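Colleague: Numbering (the numbering used here), first residue to last: 3 to 261.
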Amino acid sequence: MGGVPTLIAFFAHPDDEVLHAGGTLARAAAEGHRVVLVSATDGEMGPVREDQVRLRELASSGAALGAARVTTLGYADSGHGKDLYPDPPDRRRFVRAPHEEAAEKLAAILREERADLLLTHDAGGGYGHRDHVHAHEVALRAARRAGGVRTLTAAIPLTAPIRLLRLTSLLTSPLALLRGPRTFRTALLRVEHTPRARITHAVDARRYASHKQAALAAHASQVRGPGRSAGAFRALVNMRTPLFAALLGREWWTEVDRG
Ligand SMILES: [Zn+2]
Numbered sequence: 003m004g005g006v007p008t009l010i011a012f013f014a015h016p017d018d019e020v021l022h023a024g025g026t027l028a029r030a031a032a033e034g035h036r037v038v039l040v041s042a043t044d045g046e047m048g049p050v051r052e053d054q055v056r057l058r059e060l061a062s063s064g065a066a067l068g069a070a071r072v073t074t075l076g077y078a079d080s081g082h083g084k085d086l087y088p089d090p091p092d093r094r095r096f097v098r099a100p101h102e103e104a105a106e107k108l109a110a111i112l113r114e115e116r117a118d119l120l121l122t123h124d125a126g127g128g129y130g131h132r133d134h135v136h137a138h139e140v141a142l143r144a145a146r147r148a149g150g151v152r153t154l155t156a157a158i159p160l161t162a163p164i165r166l167l168r169l170t171s172l173l174t175s176p177l178a179l180l181r182g183p184r185t186f187r188t189a190l191l192r193v194e195h196t197p198r199a200r201i202t203h204a205v206d207a208r209r210y211a212s213h214k215q216a217a218l219a220a221h222a223s224q225v226r227g228p229g230r231s232a233g234a235f236r237a238l239v240n241m242r243t244p245l246f247a248a249l250l251g252r253e254w255w256t257e258v259d260r261g
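(1) Any chance you could list the beta strand (DSSP E) runs of at least 3 consecutive residues sitting entirely within the stretch 25 to 90, in chain order?
(2) So residue 157 is in the beta strand (DSSP E); what residue range does that whole segment cover?
(3) Quick check for students: name the residue ranges of the alpha helix (DSSP H) that lie wholly in the stretch 95 to 123, counting only runs of 4 or more.
(4) So, residue 24 versus residue 217, is the Cβ gap smaller than 8 Å?
(5) Any residue with its C-beta under 7 Å from a non-hydrogen atom of ligand 1 counts. Can you list them all in chain order?
(6) Classify residue 59 as buried or exposed, calling it buried when 16 or more other Cβ atoms lie within 10 Å of its own Cβ.
(7) By the three-class DSSP mapping on this structure, what secondary structure does residue 160 have?
(8) What is the DSSP secondary structure of residue 14, reduced to helix, strand or coil?
(9) Write down the C-beta distance between residue 99 and residue 254 rounded to the nearest angstrom, noting that I regard them as a contact closer than 8 Å.
(10) In whole angstroms, what is the alpha-carbon distance linking residue 226 and residue 234?
(11) Is it true that the CB of residue 196 sits closer than 8 Å to the CB of residue 256?
(12) Can you tell me which of 133, 222, 245, 12 puts its alpha carbon nearest to the alpha carbon of residue 109?
(13) Less than 8 Å between the beta carbons of residue 38 and residue 115, yes or no?
(14) Is residue 40 near residue 73, with beta carbons less than 8 Å apart?
(15) At what residues does the alpha helix (DSSP H) containing residue 234 begin and finish?
(16) With contact counted as at least three CB pairs below 8 Å, one residue from each stretch, are the stretch 90 to 97 and the stretch 242 to 251 in contact?
Structure, rendered in structure tokens:
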């Protein structure tokens with residue numbers, strides 16, 4: 003073997019790589035690791051778009067983070083609502099892809115890259131998006147198939163999102179203050195927190211906050227859109243970098259037991 007370990011970041015949608023792993027990936031790339039981004043989906047609910055806007059944004063995000071390669075397994079987004087829509091005419095929604103099929107596609111990339119480390123969603127998928135949960139399960143199978151790959155899942159300790167929500171809510175709208183604790187509590191309920199004891203790695207990537215912030219800004223279609231998550235994205239993109247670093251400069255991981 004020898005050489006510097008190669009990291010593969012496997013997440014469900016373009017933009018998932020930033021908030022969970024952007025700092026870790028930027029720091030790893032700056033320290034000489036080969037970093038590869040793999041998105042399970044192209045981020046689209048409908049037929050493949052000619053302009054491939056979200057994949058182009060993913061490529062820009064990867065460039066901001068220092069990734070050497072950016073690719074997708076090519077599935078469609080399964081959406082987060084109550085209903086799972088039928089597949090678009092040209093491809094399957096990710097959650098309908100059999101585990102073994104998707105795992106073999108990812109394992110092929112792990113083998114080709116001689117990957118040492120695989121970063122992915124946690125078992126609960128953060129806030130439970132069906133594609134995030136599916137990506138976690140697929141990643142674990144792929145790592146087993148490829149062999150010799152350590153797997154780390156994104157961890158969210160209780161303190162970080164509280165600070166994040168507080169600050170982004172304040173920046174998004176002063177009215178959030180008036181809506182007060184109930185808004186926070188509702189939002190917090192959606193996020194599944196990781197008990198401290200389960201966290202195996204803490205990554206201080208505050209020095210790379212500007213890279214992470216640039217990667218977030220690269221997902222312009224998500225920053226522009228309506229809705230609460232776009233508002234939060236905008237607040238983060240427009241935030242002064244030292245504050246962004248204080249808020250999102252650290253990332254946490256749980257190593258999956260090998261066996
Ligand atoms: Zn996602």
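All C-beta atoms, glycine included, are put in the ideal place defined by N, C-alpha and C.
These numbers come from a predicted model, not from an experiment.
Modeller: In terms of the structure at hand:
(1) The qualifying runs are 36 to 43, 71 to 77.
(2) Walking along the sequence shown from the start, residue 157 turns up at place 155. Under the DSSP assignment, residue 157 falls in the beta strand (DSSP E) whose first and last residues are 152 to 157.
(3) List check, alpha helix (DSSP H) in window: 101 to 114.
(4) Walking along the sequence shown from the start, residue 24 turns up at place 22. Walking along the sequence shown from the start, residue 217 turns up at place 215. In this structure, residue 24 lies near residue 217, with their beta-carbon atoms less than 8 Å apart.
(5) The set of residues with CB atoms less than 7 Å from any heavy atom of ligand 1 reads, in chain order, 13, 14, 15, 17, 18, 131, 133, 134.
(6) Here residue 59 corresponds to residue number 57 of the sequence shown, with the count starting at 1. Buried.
(7) Indexing the sequence shown from 1 puts residue 160 at position 158. Residue state, collapsed to three classes: coil.
(8) In the sequence shown, counting from the first residue as 1, residue 14 sits at position 12. Here residue 14 sits in coil by DSSP.
(9) Translated into the one-based positions of the sequence shown, residue 99 becomes position 97. Translated into the one-based positions of the sequence shown, residue 254 becomes position 252. Not really, about 28 Å apart at Cβ, beyond 8 Å.
(10) In the sequence shown, the residue the question calls residue 226 occupies position 224. In the sequence shown, the residue the question calls residue 234 occupies position 232. If I take the Cα positions, the gap works out to 11 Å.
(11) For the purposes of this step, residue 256 is identified with residue 254 of the sequence shown, where counting begins at 1. For the purposes of this step, residue 196 is identified with residue 194 of the sequence shown, where counting begins at 1. Their beta carbons are under 8 Å apart, which means residue 256 touches residue 196 by this criterion.
(12) Here residue 109 refers to the residue found at position 107 of the sequence shown. For the set 133, 222, 245, 12, the Cα lying nearest the Cα of residue 109 is the one of 12.
(13) For the purposes of this step, residue 38 is taken as residue 36 along the sequence shown, with counting starting at 1. For the purposes of this step, residue 115 is taken as residue 113 along the sequence shown, with counting starting at 1. Closer than 8 Å, so yes.
(14) Against the sequence shown, residue 40 aligns to sequence position 38. Against the sequence shown, residue 73 aligns to sequence position 71. A contact, by the Cβ cut-off of 8 Å.
(15) By one-based count along the sequence shown, residue 234 stands at place 232. Looking at the DSSP string, the run of the alpha helix (DSSP H) that includes residue 234 is 230 to 240.
(16) Under the three-pair Cβ rule at 8 Å, the stretch 90 to 97 does not count as touching the stretch 242 to 251.
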